[in-house]
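Peer 1: Per full-length UniProt numbering, residue 1 is the first one in the sequence shown, and the count goes up by one each step. Note that CB positions come from ideal geometry on N, CA and C, so glycine has one too. None of the values given here were measured: they were computed from a predicted structure.
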Amino acid sequence: MAAATENEDTILDNQLKPDSEPSPSEDKPLSKNAQKKQLRQQRYEAKKAEKKAQEKEHKRKEGERKQKEWEETLANVTEEERLTLIESRRNLRKERMEKRSEEKEKKMERLTKAKEIGQNIVIDVDFAHLMSESEISSLVQQIMYCYAVNGRSTSPCHLWLTGVQGEMSTQLDRLPGFEKWFIEKESRCYIEAMADRKESLVYLTADSETVLEDLDHKSVYIIGGLVDRNRFKGITMNKAQEQGIKTAKLPIGEYMKMSSSQVLTVNQVLEILVKFLETRDWKTSFFTVIPRRKRSGADPVDCSKSETLSEEQQEEHDLLERKKVCVEVPLE
């Protein structure tokens with residue numbers, strides 16, 4: 001493994017050698033390690049784009065295959081059977097559309113109710129100026145997952161996006177149907193947008209010494225929207241302290257041991273909170289959301305809190321986590 005890493009670094013070094021020395025007037029270049037990280041990120045994005053193209057091509061071929069099978073089926077039956085098959089298929093499509101319409105209406109009702117009496121949760125995206133374009137893109141994907149998970153929940157929260165400006169605003173606007181999302185979108189920071197509720201603001205950060213035991217309906221919980229790549233440790237805690245607002249951390253350590261830090265992605269934190277709103281059970285929420293790869297092999301710290309997921313349920317969850325895809329139907 002070490003040899004492979006050294007070989008990769010050598011290749012990267014060769015690719016990063018400049019053709020000529022930069023002139024003094026040019027901006028200060030990135031460090032060697034930063035350039036390597038940037039190149040690895042570019043390779044990752046290229047592989048991701050290639051995989052997406054392959055999936056699109058597979059989907060196209062699968063559609064053509066099914067259409068061919070359908071045409072062959074119709075060609076090998078009598079006219080009466082043909083009409084029956086066509087009518088049956090038409091009715092099936094109609095049922096699916098009616099079901100989707102019904103689900104959409106129920107979703108709208110849940111989100112409307114959440115806006116009136118639900119738990120307010122803010123995703124603070126005011127850190128975009130600290131992130132690269134690809135990191136902002138990653139955060140936008142996480143926000144998509146947040147919106148999808150919240151919309152499917154039986155007890156959704158009322159979502160806010162604050163600090164939506166610049167490149168973050170540009171990328172969010174590119175999302176299909178984003179303008180119809182049932183959320184609050186604010187260009188201002190939450191401290192300004194919710195000035196009348198400052199005493200209710202609680203920033204969720206792993207650096208806090210206060211453990212969140214329960215969700216208070218009157219509080220507004222803030223999730224830091226930052227893909228930091230470990231560059232900005234403690235930034236959310238410092239921000240909250242400077243603003244004079246409360247902080248808290250999820251009680252992860254009371255229920256499980258993490259294999260690394262307790263820092264989670266934005267969508268994982270949101271999903272944990274939404275799951276807790278459904279179950280009022282932290283342990284179920286953690287074990288449903290946090291992937292097994294982020295946990296140590298040890299059993300939960302306190303097994304008396306609640307029942308863990310079965311091994312079969314856990315394997316199913318981890319599989320879904322790896323294959324997670326968000327296809328969101330915008331609300332009309």
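Please name the residue, chosen from G118, A46, S296, that lies closest to S134 on a Cα-to-Cα basis.
Peer 2: A46
Peer 1: What did DSSP end up calling N120 once you bin it into helix, strand or coil?
Peer 2: strand
Peer 1: Between L139 and V149, how many whole angstroms is the CB-CB distance? I'm expecting something under 8 angstroms.
Peer 2: Under the criterion of beta carbons closer than 8 angstroms, L139 and V149 do not qualify as touching, at roughly 15 angstroms.
Peer 1: How long is the line joining the alpha carbons of G163 and I183, rounded to whole angstroms?
Peer 2: 14 angstroms
Peer 1: Quick check for students: name the residue ranges of the beta strand (DSSP E) that lie wholly in the segment 140-191, counting only runs of 3 or more.
Peer 2: 158-162, 184-186
Peer 1: Starting from A248, trace the beta strand (DSSP E) both ways and give me its first and last residue.
Peer 2: 246-248
Peer 1: Per the contact definition of three or more C-beta pairs closer than 8 angstroms, is the segment 171-183 in contact with the segment 205-221?
Peer 2: Judged by pairs of C-beta atoms under 8 angstroms, the segment 205-221 does not touch the segment 171-183, as fewer than three such pairs exist.
Peer 1: List the whole-angstrom C-beta distance separating L74 from I123, where the pair is believed to meet the contact cut-off of C-beta under 8 angstroms.
Peer 2: With a Cβ gap of about 50 angstroms, L74 and I123 do not count as contacting.
Peer 1: Pick helix, strand or coil for V227, following the three-state DSSP scheme.
Peer 2: coil
Peer 1: Between E79 and L273, what straight-line distance do the alpha-carbon atoms span, to the nearest angstrom?
Peer 2: 56 angstroms
Peer 1: Decide yes or no for the touch test of the segment 196-216 against the segment 231-250: beta carbon pairs closer than 8 angstroms, at least 3 of them.
Peer 2: Contact between the segment 196-216 and the segment 231-250 is present: three or more C-beta pairs spanning the two stretches fall below 8 angstroms.
Peer 1: Determine the direct distance from the alpha carbon of T284 to that of E105, and round the result to whole angstroms.
Peer 2: 28 angstroms
Peer 1: To which residues of the same chain is K59 closer than 7 angstroms at the C-beta, ignoring the five residues directly before and after it?
Peer 2: none
Peer 1: To the nearest angstrom, how far is the alpha carbon of Q171 from that of K51?
Peer 2: 21 angstroms
Peer 1: If you draw a straight line from the C-alpha of R197 to the C-alpha of S137, how long is it?
Peer 2: 31 angstroms
Peer 1: Would you list, in sequence order, the uninterrupted beta strand (DSSP E) runs of no fewer than 3 residues that lie entirely inside the segment 89-138?
Peer 2: 120-124
Peer 1: How many Å lie between K185 and L83 at the Cα?
Peer 2: 50 angstroms
Peer 1: Could you compute how far the alpha carbon of R89 sits from the alpha carbon of T154?
Peer 2: 31 angstroms
Peer 1: Starting from Y44, follow its DSSP beta bridges and name the residues at the other end.
Peer 2: For Y44, DSSP assigns no beta-bridge partner whatsoever.
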